[in-house]
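Undergrad: Here it is, the structure in full.
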Amino acid sequence: MKKVNVVLNLGLVTKNFMPVDKKTAIKIIALSTDATVTECVGIYKGNVEPSLKIEIYDTTLENAIELAREFARTFNQWCVACTYKFKTVFVDAMATEKERKELEKELAKGE
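Here the sequence shown is numbered in my numbering, starting from 1 and rising by one per residue.
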């Protein structure tokens, strides 16, 4: 499979409006993948929230989407944005394997 660079955007507020501990989030990300993590501000449904921009290098689209799903589930998010070559998909915590494959195909259109 082709290795690519992708960006995930993870909000630091849960879908129940509880804060996610940034240090814990970074430790979990570090256990999952090699990445550069940048603090930023995100806007979701009109709400401004602290966020993390997670730049993952030398991965596959399949792995990136799986990481997005795992992060959405682990951090109790509605979804995690996954961007590859200016194409963004939103990965749900409960995305099925079929849905993840469809998201992978959607991102691959950017090639």
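Glycine included, each C-beta is placed from N, C-alpha and C at the ideal position.
#1: What are the complete alpha helix (DSSP H) segments, minimum 4 residues, inside the segment 44-83?
#2: Could you give the DSSP three-state label for Thr24: helix, strand or coil?
#3: Should Ile56 be labelled buried (16 or more other beta-carbon atoms within 10 Å of its own) or exposed?
#4: Going straight from the alpha carbon of Glu70 to that of Gly46, what length do you get?
#5: What are the partner residues of Asn9, as DSSP defines its beta bridges?
#6: Per DSSP, which one or two residues make a beta bridge with Thr36?
#7: Tell me Phe17's beta-bridge partners as DSSP assigns them.
#8: Could you tell me the distance, in whole angstroms, from the CA atom of Met1 to the CA atom of Thr60?
#9: Return helix, strand or coil for Lys98, following the three-state DSSP convention.
#10: Quick one: Cα of Cys82 to Cα of Met18, how far?
#11: Taking Phe90 as part of the beta strand (DSSP E), name the residues at either end of that continuous run.
TA: Reading it off the structure:
#1: 61-74
#2: As a first step, residue 24 is located in the sequence shown; it is residue number 24 there, counting from the start. Helix, per DSSP.
#3: To locate residue 56, count along the sequence shown from 1; it is residue 56. Per the 10 Å Cβ criterion, buried.
#4: As a first step, residue 70 must be located in the sequence shown, where it is residue number 70. As a first step, residue 46 must be located in the sequence shown, where it is residue number 46. Roughly 24 Å between the two C-alpha positions.
#5: Against the sequence shown, residue 9 aligns to sequence position 9. Answer by DSSP bridge pairing, in chain order: Lys53, Ala81.
#6: Against the sequence shown, residue 36 aligns to sequence position 36. For Thr36, which the question treats as bridged, DSSP gives the partners Glu55.
#7: As a first step, residue 17 must be located in the sequence shown, where it is residue number 17. Answer is none; Phe17 lacks a bridge partner.
#8: Mapped onto the sequence shown, residue 1 falls at position 1. Mapped onto the sequence shown, residue 60 falls at position 60. C-alpha separation (whole angstroms): 7 Å.
#9: Reading the sequence shown from its first residue, position 98 is the one you call residue 98. Correct three-state label for Lys98: helix.
#10: As a first step, residue 82 is located in the sequence shown; it is residue number 82 there, counting from the start. As a first step, residue 18 is located in the sequence shown; it is residue number 18 there, counting from the start. Their backbone Cα atoms lie some 22 Å apart in a straight line.
#11: On the sequence shown, position 90 is the one that residue 90 refers to. Residues 87-92.
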